[in-house]
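Engineer:
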Amino acid sequence: MKRDISRRSFLAGALSLPWLSLLGQGARADARPSAGLEFGPAQPFSFDGLRQQAQQLAAQPYQVPPIRHADLLDRIDYDAHLEIQSRPEAALWREGDGPYPVRFFHLGRLFPLPVKIHAVRAGTAREVRYSSRLFTFGKADFAAALPDDIGFAGFRVLHSRTEERDWLAFLGASYFRSAGELDQYGISARGIAIDTALPTAEEFPRFTHFWLEPTSDPQTMMIYALLEGPSLTGAYRIQATRQERVIMDIEAVLFFRAAIRRLGVAPLTSMFWFSETNHQPSWDWRPEVHDSDGLALWTGAGERIWRPLNNPPFVQTNDFVDRDPRGFGLSQRDRRFENYEDDLVFYERRPTLWVEPLEPWGEGAVQLVEIPTDYEINDNIVAYWAPREPAQAGATRTYRYRLHWTADEPYWPDRGRVIATRTGWSTLPRTPPRPMHKAWFAIDFAGGPLEQLDKQASVQLVASATRGSLRNPGAFQVAGTRRWRGNFEIELEGGEPVDLRAYLRLGDRALSETWLYQFIPRTPSS
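Start counting the sequence shown at 580; every next residue gets the next number (my numbering).
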């Protein structure tokens, strides 16, 4: 598992390079002459042709791509990569002949494998050719010695021809992400996940080719991608639209070279270090540090579920079994700056990423993987749809879904939702000793019908636990607010996790979504 975590941390941490490099910086001065884009010969292109290409590749043995000029690329480390900027005049569609200007990422130690990028118009594609004249290199001028056929690492899409800020980027393996509705990068998505959190090494297929196409809608672009890996290939069609929020409609056609033990569809990758729920083990000046604070589920049966995230002492994988889920996502619900106090990275603006299947997905489970971390640079949270039917060699599958990069989960019903989960010792103040086998939970709910209730309403907290003794469940309106708090005590023996469940009820009517939590009791050794 150590190898898997290192690989994910490497990719996810490296993804922060572009955004850091754009903070308050334009293109650096460079004595080298600039150049506009140059293109290869025209070739016919269609999504049907891309599907055929992926299918043909799947019938052939996987070829491990060589790293060309590895010694030189290895010198382009983190600091050197920050020095390298793409020139504004070297952007695709910079003259308004496409929806948004597209700039390119340079190769380096963190991203040594090139991708081919093509511009598409009217069924014809032409490759965008790399040239060192498309970049300024600053103190990393040694990188200009790379040949003109070395290729790009990825690309990013800008807000407009007059703004340097970008709202969408593809960089590293099959990772991509958007700044979303609040214009702040955070959570990432991937094309596919293979064997996540298994004892064997996780596989990271990569997008090797991209085709970018404008549409008749000035706010929408089409992105086509070829996915290649040891166990599968894939043809992807992505319609990306930026309005108030960012919406991406994705069609993924997968061709399996080999059987896959754990397939993750529409995988999301995020970071959770600590929050109001688990702040005690963390020694940091900020109250909370996380890109997402919970997993949100909308089941096929219509139940809305909130599962606060954990930073566990060991790797945890939880299955939320379902049939034809209506949606799931990793959410950042806490939007108050004072709960983070970090005016450099603005965790309160990090996007919520919601997956909406566009067709029935059948039986399976939303799997949540939580990996221990002791710092914020490590992405330690993964969520995806795991189909019940195993993926077999020679099979083909198609998945269609929509990604919402937004502030809140979409399609919210008239229900209260969880806004905070707090835990602590189950004891009266100044009454030692603190019993490790007991814990107290306080869950805050807000919104929906809760806004209309007065404090005398006979609201009940319905709570249960898979083991142990759950005592004194109750609910009350928090003084001076419209929030309602449910609390209870749990008494346990041993350190095995326990699954908790709770919601608010008035009579026979559910007032809130369902709160789920996996509690890992403290032991003398912890």
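Beta carbons are placed, not taken as given, at the ideal position from N, Cα and C, and that holds for glycine.
With which residues is THR1002 paired in a DSSP beta bridge?
Structural biologist: PHE1020
Engineer: Here's the rule: buried if 16 or more other CB atoms are within 10 angstroms of the residue's CB, otherwise exposed. What is VAL643?
Structural biologist: exposed
Engineer: Give me, in chain order, the residues of the same chain whose beta-carbon lies closer than 8 angstroms to that of HIS1016; leave out the 5 immediate sequence neighbours on both sides.
Structural biologist: For HIS1016, the CB contacts under 8 angstroms within the same chain, skipping 5 residues up- and downstream, are GLU1070, LEU1071, GLU1072, PRO1100 in chain order.
Engineer: Tell me the residue span of the beta strand (DSSP E) that contains ARG886.
Structural biologist: 883-887
Engineer: Do LEU806 and TYR978 have their beta-carbon atoms positioned less than 9 angstroms apart in this structure?
Structural biologist: no
Engineer: Rounded to a whole number of angstroms, what is the C-alpha to C-alpha distance between ARG928 and ARG912?
Structural biologist: 10 angstroms
Engineer: Starting from LEU761, follow its DSSP beta bridges and name the residues at the other end.
Structural biologist: Bridge partners of LEU761: none, in fact.
Engineer: Per DSSP, what kind of secondary structure is GLY1027 in: helix, strand or coil?
Structural biologist: helix
Engineer: Apart from the five residues just before and just after GLY1003, which ones in its own chain have a Cβ nearer than 6 angstroms to its Cβ?
Structural biologist: TRP1019
Engineer: Less than 8 angstroms between C-beta atoms, sequence neighbours within five positions excluded: which residues of the same chain meet that for GLY1027?
Structural biologist: PRO992, ASP993, ARG994, GLY995, ARG996, LEU1090, SER1091
Engineer: Determine, using beta carbons only, whether SER849 and LEU909 come nearer to each other than 9 angstroms.
Structural biologist: Their beta carbons are under 9 angstroms apart, which means SER849 touches LEU909 by this criterion.
Engineer: Which partner residues of ARG996 appear in the DSSP bridge assignment?
Structural biologist: ALA1025
Engineer: Please state whether DSSP places SER810 in a helix, a strand or coil.
Structural biologist: coil
Engineer: With a threshold of 16 other CB atoms inside 10 Å of the CB of GLN604, please say whether the residue is buried or exposed.
Structural biologist: Because the pLDDT of GLN604 is 40, which lies under 50, any placement of that residue in the model is unreliable, and the number read from its coordinates should be weighed accordingly. Exposed, by the Cβ-count rule.
Engineer: Taking DSSP as the reference, what is the three-state secondary structure of ASP653?
Structural biologist: helix
Engineer: Check this for me: beta carbons of ARG705 and PRO620, under 9 angstroms apart or not?
Structural biologist: Between ARG705 and PRO620, the CB-CB gap stays under 9 angstroms.
Engineer: Rounding to the nearest angstrom, what Cα-Cα distance links ILE555 and THR1045 in this structure?
Structural biologist: In the structure displayed, the chain extends from 580 to 1105; residue 555 sits before or after that span and is not available.
Engineer: Helix, strand or coil for LEU923? Go by DSSP, reduced to three states.
Structural biologist: coil
Engineer: DSSP puts ASN897 in a beta bridge; with which residues?
Structural biologist: In the DSSP output, where bridge partners are listed per residue, ASN897 has LEU947.
Engineer: If contacts are defined as beta-carbon pairs under 8 angstroms, then LEU811 and PRO778 qualify, I think. What distance do you get, rounded to the angstrom?
Structural biologist: About 21 angstroms; that fails the 8 angstroms criterion.
Engineer: For ALA970 versus ALA838, is the C-beta distance shorter than 9 angstroms?
Structural biologist: yes
Engineer: Three-state secondary structure (DSSP) at HIS660?
Structural biologist: helix
Engineer: Report the residue from GLU1068, ALA1058, LEU847 whose alpha carbon sits nearest the alpha carbon of SER1048.
Structural biologist: Considering only alpha carbons, the answer is GLU1068.
Engineer: If you run the structure through DSSP and keep just helix, strand and coil, what is SER767?
Structural biologist: strand
Engineer: Using 8 angstroms for Cβ pairs, my map puts PHE690 next to LEU750. What's the rounded Cβ distance?
Structural biologist: 7 angstroms
Engineer: Label THR952 either buried or exposed according to how many other C-beta atoms from any shown protein chain fall within 10 Å of its C-beta, with 16 as the threshold for buried.
Structural biologist: buried
Engineer: In whole angstroms, what is the alpha-carbon distance linking ARG630 and ALA814?
Structural biologist: 5 angstroms
Engineer: GLU942 to LEU874, Cα distance in whole Å?
Structural biologist: 19 angstroms
Engineer: By DSSP's criteria, ILE829 is part of a beta bridge. Which residues make up the other side?
Structural biologist: Beta-bridge pairing links ILE829 to ILE817, TYR980.
Engineer: In chain order, what residues of the same chain lie with their CB nearer than 6 angstroms to the CB of ALA722, ignoring the 5 residues before and after it?
Structural biologist: ILE655, PHE716
Engineer: Using CA atoms only, rank isn't needed, just tell me which of ARG744, ASP720, PRO989 is closest to PRO667.
Structural biologist: ARG744
Engineer: Within 8 angstroms, do at least three Cβ pairs link the segment 819-828 to the segment 885-896?
Structural biologist: no
Engineer: Could you tell me the alpha carbon to alpha carbon distance between PRO1014 and ARG1001, rounded to whole angstroms?
Structural biologist: If I take the Cα positions, the gap works out to 17 angstroms.
Engineer: Contact between the segment 646-663 and the segment 757-770: three or more CB pairs below 8 angstroms?
Structural biologist: no
Engineer: Taking the Cβ atom as the reference point for each residue, do GLY879 and PRO846 lie within a distance shorter than 9 angstroms?
Structural biologist: Pairing GLY879 with PRO846 gives a Cβ-Cβ distance that is not under 9 angstroms.
Engineer: How big is the Cα-Cα spacing for PRO680 and ARG967?
Structural biologist: Spanning the alpha carbons of PRO680 and ARG967 requires a straight line of approximately 41 angstroms.
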